[in-house]
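2 protein chains.
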Amino acid sequence: MINKVLVAEDHQTVNISVQRTLDGLGIICVDHTYYCDDALKKVEVAKTLGDSYDLLITDLYFEDDGLTQTIKDGMSLIPAVRRIQPELKILVFSGEKEPTVIRRMKEDIGIDGYVIKARNDAKELEMAMDAISKNQTYFPRISQQKMKYGEAFNLSSHDIAILKLLANGISQKDIPLHLKKDNLIPCSLSSVEKRLNKLREEFNCTNNEQLIAACIVAGFLKMTS
Amino acid sequence: MINKVLVAEDHQTVNISVQRTLDGLGIICVDHTYYCDDALKKVEVAKTLGDSYDLLITDLYFEDDGLTQTIKDGMSLIPAVRRIQPELKILVFSGEKEPTVIRRMKEDIGIDGYVIKARNDAKELEMAMDAISKNQTYFPRISQQKMKYGEAFNLSSHDIAILKLLANGISQKDIPLHLKKDNLIPCSLSSVEKRLNKLREEFNCTNNEQLIAACIVAGFLKMTS
DNA sequence: GTAGCAGATACGGTTTTCCGTAAAATTTAC
DNA sequence: GTAAATTTTACGGAAAACCGTATCTGCTAC
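Protein sequence lines correspond, in order, to chains V and S. Here our numbering is used: the first residue of the first sequence is 194, the next is one more, and so on. Here our numbering is used: the first residue of the second sequence is 194, the next is one more, and so on.
In structure tokens:
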């Protein structure tokens, strides 16, 4: 359960809407800070007082307003707070939507969630909070991001072939047959399973249905018939 | 394997394109007829000569050009030829796209395939031929048909809820939890399974992935996030 | 009230998917 | 050529989906 939250965000308008979202979730104890240095200090103090935060919601980029800061962005803030309170949950809320950045945050830095600032980010925030409160993670699906034909996700034509077969009603175990028919390799069931696993992971999908949905919406899969 | 085909179709332009499609599939022996009565007679004669047709491709509606005919449409032709040659495969190729009609043809009359005349019906014809030659059936998916919000398929809000959960990555076995949370009934796993089974059947989908794809393309499922 | 009916749920067996690991094959480096 | 590394395939156990059937529940008719 998440009770105490710290929000590190330099734009006041954003702060207000985040506050409202948290209100809606019944989270009363919310602290705000406009600087990374200040955020770090707040985490530190709360911890020593035995009243640690449960979650840090932070932006990635903070504007430089002249005040000299040792920590200048969220990217540096995260490892700093981790050193003080390793179990602190971290949710990044940022306009940054580059898949490579998001993936790095997820895989290398190991944050708990990422929400891109966009049209209906409030709803996303809620979903992320829900996931994190259940010790799950939350990351955006590709569909929200407009990107070229699979480029950033290195979607191979082979991947597309598999997805198309699936979306055309071919059962997973029969996909090897169809791949062989078209002389595509790899074509073993094992390799198909691995591919799909990889794709689900990359797109943050938990099942094939969601994967298909995401790929259609993102335009990777063009359903003609 | 399909070698000998009879095409019952009163529009010459359609006849030509059907012919070309069959040519492309390597089917040499193709007879054409412009009237249902004539089609019936051809089937009869071929059978008595011990050289029966393997497949009848027929339209549903035939224009009345003054010549008095006993059989006026494909709907009546089908039972008539069935009486003569029950095992004859039947593929309906028609502009009729009413789901209720198609469903009746499939379930009550038990035809082997149905292709709607539309943009890329040639490709569909090929696929139907392929399926039928393998003793499978072929029926259109909803995506090709523009229709109101699930109306003709009596897609309930409950169905949509289930599909949405699936497309949002909820595993089938966890769907009951989410339904209960929203006080929706029925909410047992069993009922979810049954519902999905029904939907797959109605939409002629063999797996959930295809079902989701079809519903998205048809606009039943709006993927916002 | 009860008998009958329809919808919902529970259950069990089979198939399929999932996922980790090991073996085999192919490529790359040297 | 061999050795190492990478990719593909094979395999096996656990989980999930699939599907038929049986039970339960609530409703209608009488």
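A virtual CB, placed ideally from N, CA and C, is assigned to each residue, including glycine. Since the model is a prediction, treat every value here as computed from it, not as a measurement.
Would residue i count as contacting chain S if we go by Cβ distances under 8 Å?
i	result
V:Glu402	yes
V:Thr399	yes
On the CB-based measure, 16 or more other CB atoms within 10 Å of its CB, does residue i come out buried or exposed?
i	result
S:Gln403	buried
S:Leu370	exposed
S:Gly217	exposed
V:Pro272	exposed
V:Ser336	Confidence at V:Ser336 is low in this model, with a pLDDT of 40, below 50, so the placement of that residue is unreliable and no value is reported for it.
V:Tyr254	exposed
V:Thr263	exposed
S:Pro379	exposed
V:Ser287	buried
V:Leu372	buried
S:Gly267	buried
V:Val238	exposed
S:Ile209	exposed
S:Leu260	exposed
S:Pro333	buried
V:Asn328	exposed
V:Lys357	buried
S:Leu233	buried
S:Asn390	exposed
S:Thr226	buried
How close, in whole Å, do the beta carbons of residue i and residue j come, if the pair is a contact with beta carbons under 8 Å?
i	j	result
S:Ala406	S:Phe396	Between S:Phe396 and S:Ala406 the Cβ distance is about 10 Å, and since that is not below 8 Å, they are no contact.
V:Ile283	V:Leu318	V:Ile283 to V:Leu318, Cβ: 14 Å. No contact.
S:Ile302	S:Lys290	Contact flag wrong, Cβ pair sits at about 17 Å.
S:Ile325	S:Ile195	7 Å
S:Lys240	S:Cys222	Going by Cβ atoms, the distance from S:Lys240 to S:Cys222 rounds to 15 Å, so no, they are not a contact pair.
V:Ser384	S:Thr399	The pair is not a contact, with the Cβ atoms about 22 Å apart (cut-off 8 Å).
V:Asp252	V:Asp203	7 Å
V:Leu359	V:Asn401	6 Å
V:Asp224	V:Leu242	Contact doesn't hold; Cβ gap of about 13 Å is too wide.
Closest Cβ-Cβ distance between residue i and chain V: below 8 Å?
i	result
S:Glu394	no
Give the residues from the region 404-415 of chain V that approach chain S closer than 7 Å (Cβ to any Cβ), ordered along the chain.
Those residues of the region 404-415 of chain V that come within reach of chain S (Cβ to Cβ, closer than 7 Å) are Ile405, Ala406, Ile409, Val410.
Using a beta-carbon distance cut-off of less than 7 Å, what residues from the region 358-385 of chain S approach chain V?
The residues in question are Leu359, Ala360, Asn361, Gly362, Ser364.
Report the residues of the region 219-244 of chain S with a CB closer than 9 Å to any CB of chain V, ordered along the chain.
Those residues of the region 219-244 of chain S that come within reach of chain V (Cβ to Cβ, closer than 9 Å) do not exist; the list is empty.
Using a Cβ-Cβ cut-off of less than 7 Å, list which residues of the region 204-215 of chain S approach chain V; keep chain order.
Only those residues of the region 204-215 of chain S whose C-beta falls short of 7 Å from the nearest C-beta of chain V would be listed, and there are none.
Listed in chain order, which residues of the region 250-274 of chain V have Cβ atoms closer than 8 Å to some Cβ of chain S?
Listed by position, the residues of the region 250-274 of chain V near chain S (Cβ gap below 8 Å) amount to none.
I'd like the ranges of any alpha helix (DSSP H) spanning at least 4 consecutive residues and lying wholly in the region 354-398 of chain S.
The region 354-398 of chain S contains these whole alpha helix (DSSP H) runs: 368-374, 382-395.
Beta strand (DSSP E) segments (min. 3 residues) lying fully within the region 276-331 of chain S:
Correct list: 282-287, 306-309.
Mind pulling the beta strand (DSSP E) runs of 3 or more residues that sit fully within the region 194-253 of chain S?
Within the region 194-253 of chain S, the complete beta strand (DSSP E) runs of at least 3 residues fall at 197-201, 222-226, 248-251.
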